[in-house]
Amino acid sequence: MSEDIYEPEFHNSLSMEILPSDNAFDWITQSSKVQQSIELERQIVIANSSNQEKKLKTMSFFKNNPLFLKMTDEMLLLNKEEINSRRKSSLESGDCQDIVPINKILDKIQSFDFNVFELNDLVEKRTLEFISNEIFERGNFFEEMIDEKKFKNFIREISNGYDRAVVYHNDLHACDVLQTCYVMISKGNLVENLSLNEIDIVAAYLSAICHDYKHNGFNNMFHVNDKTSIAITYNDSSVLENFHVAESFKVLLKPENNLLCKLQKEEWRLVRRRMIDCILMTDMANHAKHLSGLKAKLETFDVKGGNNVNKMIFPDNAAKTYENQQLILGMCLHTADVSNPAKPLNINIKWVDLVFLEFFNQGDCEKKKGLPVSLLCDRETTNVNKSQIGFINFVVLPTFDTMMNVIPQISQYYEIIKSNLKRYEELYNEQQKKI
Ligand SMILES: [Zn+2]
């Protein structure tokens, strides 16, 4: 990796830039409990102030102080009334008249059984806009960090770049992945356990939003075999993932879409670095490598049942800390990307139908073009139930099983996966009896 984020100059400039000017960290470690509490209150006031520079310094202050890490988590939560009033004004500015049923669905944004299709029935092509807005409002990111107007422009353009003619890899899949990432990050105390700050969280959510941007319904194998222009551009290497992230940044860099315009140069580079690393980790070709890397890392630090996650953080080694935080954030995105079997059966069935419509369409094209037919894409030979059993046993269950060491709160997903697996096994066995 040649990333300039590992340059010592970068880390020095970043830490110099965002440490509290009065060096509160040194002060706090030497002071009494009463004095610490006064300083804590002062930092909270600054954190809630309208001064972006001060707020970022304060977020870093909390990030670097194990005593107060919990505060960052609390700062990510808005109170319920505020959420509702903001949501209402946001909805009224659009063309959706009936707010009540939309509110009812959005209230469940942090639930394991959130149904993106239900929201789509009400707001259609604005679904990504509503879900993104809800999550960013709850994170309180519009206060200081994100330009709200440009955020809305950006989301609209990204949403429009997802093609509904592509039946699976469209904006609804982006919504599903974003919502699942939100559940994992917000329920999993990742801010606290991994000493993450607002910038890291925003980068993770933006990665989910953009991770399949402009997908055309054909996988990497097809692009490579068909020698498409994007395969040539990205040298057959994580073709789509490179394409999604590069195209997303073209959208982001337009002045009217630059939601990150308030960030300092180094912060902007950090968001970009995280987004590139997260989205590249969604390439299924690297699944085994990333999962075994994570397993080894969790073993090294004895991370189990959500304990010891903070051992992966090294206050004196920014590069190592970045790498470990990135592994977990990237794996959150990858886990969310393969999370269809973790959704209640009625939702799971819809995703499976859609993904196989897309796969079989690709298989038909491959046959017409005389290309090798990709795995699971041949409608004549692929057994959907059997493929789901294999996908769950060899990809989904091991991924969730490993991630539960970091985020035990997702055990509910694990239970749903096992129940869905049972259903596919029953269906497959019935099919076999009839043959
Ligand atoms: Zn995806």
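Okay, so the sequence shown: first residue is 456 according to my numbering, each after it adds one. Glycine included, C-beta positions come from ideal geometry on N, C-alpha and C.
Is residue i near ligand 1, going by C-beta to nearest heavy atom under 7 Å?
i	result
Asp667	yes
Asp738	no
Asp732	no
Glu571	Per the sequence shown, the amino acid found at residue 571 is Val instead of Glu. It does not: the Cβ of Val571 is nowhere closer than 7 Å to a heavy atom of ligand 1.
Val646	no
His628	yes
Val632	yes
His624	yes
Asp618	no
Asp792	yes
Considering Cα atoms alone, identify which of the options is closest to residue i.
i	options	result
Asp808	Met786, Ile731, Gly825, Arg834	Arg834
Asn779	Glu696, Phe606, Gln887, Ile768	Ile768
Met736	Tyr879, Asp856, His789	His789
Cys636	Asn741, Ser794, Leu707, Lys873	Ser794
Ala620	Ile872, Leu812, Leu830, Met858	Leu812
Thr854	Ile804, Asp553, Ile802, Lys750	Lys750
Leu725	Leu707, Leu784, Ile654	Ile654
Val810	Lys559, Asn575, Val622	Val622
Ile613	Ile847, Pro770, Val700, Asp757	Val700
Thr591	Lys559, Tyr868, Gln634, Asn575	Here residue 591 is Phe; the residue named in the question, Thr, does not match the sequence. Among Lys559, Tyr868, Gln634, Asn575, the Cα nearest to that of Phe591 is on Gln634.
Asn558	Phe585, Phe756, Lys580	Phe585
Asn608	Val706, Met859, Pro796	Val706
Gln887	Val839, Thr755, Arg581	Val839
Arg728	Asn772, Val657, Lys824, Asn765	Val657
Lys580	Ile610, Arg593, Gly594	Ile610
Asn765	Asp856, Leu852, Leu651, Asn803	Leu651
Can you give me the C-alpha to C-alpha distance between residue i and residue j, rounded to a whole angstrom?
i	j	result
Asn648	Leu782	14 Å
Val571	His624	14 Å
Cys820	Leu627	24 Å
Tyr617	Phe704	15 Å
Gln565	Thr837	35 Å
Cys832	Asp681	15 Å
Asp562	Asn615	25 Å
Leu753	Asp568	28 Å
Gly748	Val555	45 Å
Asn875	Val679	33 Å
Lys878	Lys709	In the sequence as presented, Lys is not what sits at residue 878; that position holds Arg. One C-alpha to the other measures close to 47 Å.
Asn697	Glu880	36 Å
Pro827	Phe677	8 Å
Asn588	Ile640	17 Å
Lys889	His670	38 Å
Glu722	Tyr883	51 Å
Leu583	Lys822	34 Å
Asn712	Ala743	36 Å
Leu800	Asp738	26 Å
Asn741	Ser693	9 Å
Asn644	Glu702	31 Å
Ile871	Ser842	18 Å
Ile685	Leu695	8 Å
Ile687	Ser829	19 Å
Thr683	His745	27 Å
Glu885	Met859	32 Å
Phe523	Asp576	For Phe523, the pLDDT reaches just 38, beneath the cut-off of 50, and the residue's location in the model is therefore unreliable, leaving the point undetermined.
Phe814	Tyr777	36 Å
Asp553	Phe596	26 Å
Ile847	Pro796	7 Å
Ile844	Gly785	25 Å
Trp806	Phe606	28 Å
Asp771	Thr755	19 Å
Asn690	Ile560	43 Å
Asp757	Val646	19 Å
Based on the DSSP secondary-structure assignment, which residues constitute the bridge partners of residue i?
i	result
Asn860	Partner(s): none; Asn860 has no beta bridge.
Ser759	Here the sequence assigns Lys to residue 759, which means Ser is not the residue at that position. Partner(s): Asn762.
Between residue i and ligand 2, is there a pair consisting of the residue's CB and a ligand heavy atom that are separated by less than 7 Å?
i	result
Met676	Here the bound small molecules are ligand 1; ligand 2 is not part of this structure.
Answer yes if the segment 601-612 comes into contact with the segment 709-720, meaning at least three C-beta pairs across the two stretches below 8 Å, and no otherwise.
Look at the beta carbons and you see the segment 709-720 touching the segment 601-612: at least three pairs across the two are nearer than 8 Å.
Is there contact between the segment 757-767 and the segment 855-868, where contact requires at least three CB pairs shorter than 8 Å?
Because the criterion of three Cβ pairs below 8 Å is met, the segment 757-767 and the segment 855-868 touch.
If contact is defined by three or more beta carbon pairs under 8 Å, each pair taking one atom from either stretch, is the segment 629-642 in contact with the segment 652-668?
The segment 652-668 vs the segment 629-642: in contact.
Do the segment 732-747 and the segment 787-801 make contact, defined as three or more Cβ pairs closer than 8 Å?
Result yes; three or more Cβ-Cβ pairs closer than 8 Å.
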